[in-house]
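K.L.:
Going by UniProt numbering, the first residue of the sequence shown is number 1, and it counts up by one from there.
Note that the Cβ used here is the ideal one computed from N, Cα and C, for glycine as well.
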Amino acid sequence: MGNKKNGFEVLLFLAVFTIATCGLVYELVAGTLASYLLGDSVKQFSFIIGVYLFSMGVGSYFSKFINRNLLNTFVDIEILVGLIGGLSSVILFILFESVYYFQFILYLLVFVTGCLVGLEIPLLMNILKDRIEFKDLVSNVFTFDYIGALLASILFPLVLVPQLGIMKTSLFFGMINMSIAIILSFVLKNELKRAGLLKLKAILSFLVLLTVFIFSEQILSYSEGKLYGENIIYTHTTSYQRIVLTHNKSDYRLYLNNNLQFSSKDEYRYHEALVHPVMSMANKVNNVLVLGGGDGLAVREILKYKDVNHVTLVDLDEGMTKLFKTNSVLAGFNKHSLTNPKVTVINSDAYIWLKECTQKFDVVIVDFPDPSNYSLGKLYSLNFYKTLNKSLTQDAMLVIQTTSPYFAPKSFWCINKTVAQIFPVTDAYHVYVPSFGEWGYTIAANSLSEPLGNVKRKADSLRFYDYDYSRLNDFSKDMLAKDVEINRLDNQILVRYFDEEWGRL
């Protein structure tokens, strides 16, 4: 009798563990999708976690009104959490381009999932209150709950998203929820009322999730096709981002987390403006460092100079650099620059790598993604530029992509002002890239023997840049900003500027 009783308790604690793990996974899925589709990742994640925790409190409050059929209700919650949470990513992907009130649906799903998860702990405690001593009951319930949350937070970025992707992750955990519900309905059939009905609901729900899981690639292709409005020819999810390549007539477009990275029609304007001013002005270009730029397009431009002996590219995402080495279309864009014998590719966090770097570089080209979150914002901080300066030769030069001075003037001039705190010589310039609009850069050095714009070398076969730097650094009134702050690690003002300015668009 004792073994049966213990088995009953362990099974319910396992259910709590599963609901806690799956519940957090569903919210991580919602937060990731929101940041992919809506941008403003800092706000989206913060709001979603806040709504989730609040809704758990709401669920816990309403649990006191459930007084009958507690065990049946507990199993029903397991089924509902699995079904709603499992299908949440599918619903959000499909409805993003179709429903005006997308954010309402997003937060409704988060709220409902949180309420259901919030119901389960009080229910379990009521079910077991006469079977286990109170202090042991509370300790065990919260132990299983928090361990489940920890497991979800570790598995989600390291295993689940890289291996399954966002959509399959939520469906997979929905099936885990449903499997526990099926086990409960069979093992506890003598404790349950209408156990047969619960079995049927759990099995049918599992089959629904399994069917959607099987066809998830087709569903994802359909939803992304509507999202991008272009012919998708390649998709891949890495530990850090969702990569989508589209093709429309003669134009290839690369999207990272739903943000356009480049268009093959005009990326040359961006990359020539990024690379050639600094490469033509620097005293030496023997040893060049590229931070970011995992697509290899900046490296392609650097290799046009015969003086270059070695290029080191540091990019966090191995999936990105591997793709641009091996995919025939993408490797064609960068002229196979990432497999050039002069090039060394290092997959590492640039901040950490620079702190340990002992090399000195003649030219540094910083091609990071825009500062849309705090992990990227640190790469535009005062502390980062101090660290970077230690890896420069005495007469080295660097250039940094600094977002759009037209759409985000505060962000643009914030970066420029931050750089100017470290480097005595600083200037800003911009170019027009049709796919992006006006785009800006900051060029800097510790010292210059000659004025900016003095050309020491040229590369052949440029389509845009004509080595007349003076044409690029004239800013109209609508691209200026006053009273911007310096971006420091402890304030991350740049991320707030960026969210504010690009959020309007």
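When the Cα atoms are used, what is the spatial distance from Trp502 to Pro405?
P.N.:
11 Å
K.L.:
Pick helix, strand or coil for Arg471, following the three-state DSSP scheme.
P.N.:
In this structure, Arg471 counts as helix in the three-state DSSP scheme.
K.L.:
List the endpoints of the continuous alpha helix (DSSP H) containing Ala181.
P.N.:
161–187
K.L.:
Would you report the Cα separation of Lys335 and Tyr385, rounded to the nearest angstrom?
P.N.:
30 Å
K.L.:
Between the alpha carbons of Thr169 and Ile127, how many angstroms are there, rounded?
P.N.:
31 Å
K.L.:
With Asn72 and Lys193 assumed to form a contact (beta carbons below 8 Å), what rounded beta-carbon distance in angstroms separates them?
P.N.:
6 Å
K.L.:
Expressed to the nearest angstrom, what Euclidean distance is found between the alpha-carbon atoms of Lys342 and Glu27?
P.N.:
Cα to Cα, Lys342 sits roughly 44 Å from Glu27.
K.L.:
Alpha carbon to alpha carbon, what distance is there between Leu11 and Met1?
P.N.:
Note that Met1 scores a pLDDT of 44, beneath 50, so its modelled location is shaky and nothing firm can be said.
K.L.:
Can you name, in chain order, every residue of its own chain whose Cβ lies under 7 Å from the Cβ of Leu106, other than the five neighbours on each side?
P.N.:
Ala30, Ala34, Leu92
K.L.:
Express the C-alpha separation of Asn491 and Met320 in angstroms, rounding to a whole number.
P.N.:
30 Å
K.L.:
How big is the Cα-Cα spacing for Ala149 and Phe206?
P.N.:
23 Å
K.L.:
Kindly indicate which residue of Cys22, Arg463, Ser391 has the alpha-carbon position closest to the one of Ile356.
P.N.:
Reading off the sequence shown, one finds Glu at residue 356, where the question assumed Ile. Ranking Cys22, Arg463, Ser391 by Cα distance to Glu356 puts Ser391 first.
K.L.:
How big is the Cα-Cα spacing for Leu83 and Phe13?
P.N.:
20 Å
K.L.:
Can you list, in chain order, the residues of its chain whose CB lies under 8 Å from that of Leu274, leaving out five sequence neighbours each side?
P.N.:
Ala298, Glu301, Ile365, Asp367, Val399, Gln401, Tyr441
K.L.:
By how many angstroms is the C-alpha of Leu316 removed from the C-alpha of Asn347?
P.N.:
5 Å
K.L.:
What residues in its chain sit with their C-beta under 7 Å from that of Ile176, if we drop five residues either side in the sequence?
P.N.:
Thr18, Cys22
K.L.:
Our contact map puts His430 next to Phe498 with C-beta atoms below 8 Å; I'd like the distance itself, whole angstroms only.
P.N.:
That belief does not hold up - the Cβ atoms of His430 and Phe498 are roughly 17 Å apart, past 8 Å.
K.L.:
According to the Cβ coordinates, are Ser55 and Gly114 closer than 8 Å?
P.N.:
yes
K.L.:
Shortest alpha-carbon distance to Tyr446 belongs to which of Val425, Lys456, Arg457?
P.N.:
Checking the sequence shown, residue 446 turns out to be Asn, not Tyr. Answer by Cα proximity: Val425.
K.L.:
My output table needs one value for Val308: the three-state DSSP class, helix, strand or coil.
P.N.:
Collapsing the DSSP output to three states places Val308 in coil.
K.L.:
Specify, as a first and last residue, the run of the alpha helix (DSSP H) that Met279 falls within.
P.N.:
267–281
K.L.:
Ignore the nearest five residues each way along the sequence and tell me which others in Gly294's own chain have a CB closer than 7 Å to its CB.
P.N.:
Asp315, Asp317, Met320, Thr321, Phe324
K.L.:
Less than 6 Å between C-beta atoms, sequence neighbours within five positions excluded: which residues of the same chain meet that for Pro277?
P.N.:
Tyr469
K.L.:
Excluding the 5 residues flanking Phe102 on each side, which residues of the same chain have their C-beta closer than 7 Å to its C-beta?
P.N.:
Leu95, Phe96
K.L.:
Within the chosen definition, does the stretch 178–187 reach the stretch 196–206 through at least 3 CB pairs nearer than 8 Å?
P.N.:
yes
K.L.:
If you check the beta carbons only, do Thr237 and Val161 fall under 8 Å apart?
P.N.:
yes
K.L.:
Rounded to whole angstroms, what is the Cα-Cα separation between Ile49 and Phe111?
P.N.:
Going from the Cα of Ile49 to the Cα of Phe111 covers about 10 Å.
K.L.:
Could you tell me the alpha carbon to alpha carbon distance between Ile166 and Ala282, rounded to whole angstroms?
P.N.:
44 Å
K.L.:
Indicate whether Arg242 and Val433 have their beta-carbon atoms separated by less than 8 Å.
P.N.:
One thing to note: Arg242 has its Cβ no nearer than 8 Å to the Cβ of Val433.
K.L.:
Identify the continuous alpha helix (DSSP H) that holds Leu95 and give its terminal residues.
P.N.:
70–95
K.L.:
What three-state label does DSSP hand Val363 in the structure shown?
P.N.:
strand
K.L.:
Per DSSP, Ala152 forms a beta bridge with which residues?
P.N.:
In the DSSP output, where bridge partners are listed per residue, Ala152 has none listed.
K.L.:
So, Val90 versus Ile219, is the Cβ gap smaller than 8 Å?
P.N.:
yes
K.L.:
DSSP three-state call for Thr393: helix, strand or coil?
P.N.:
strand
K.L.:
Let me know the secondary structure DSSP gives Tyr497 once reduced to three states.
P.N.:
helix
K.L.:
Hey, how far is the Cα of Glu78 from the Cα of Cys414?
P.N.:
49 Å
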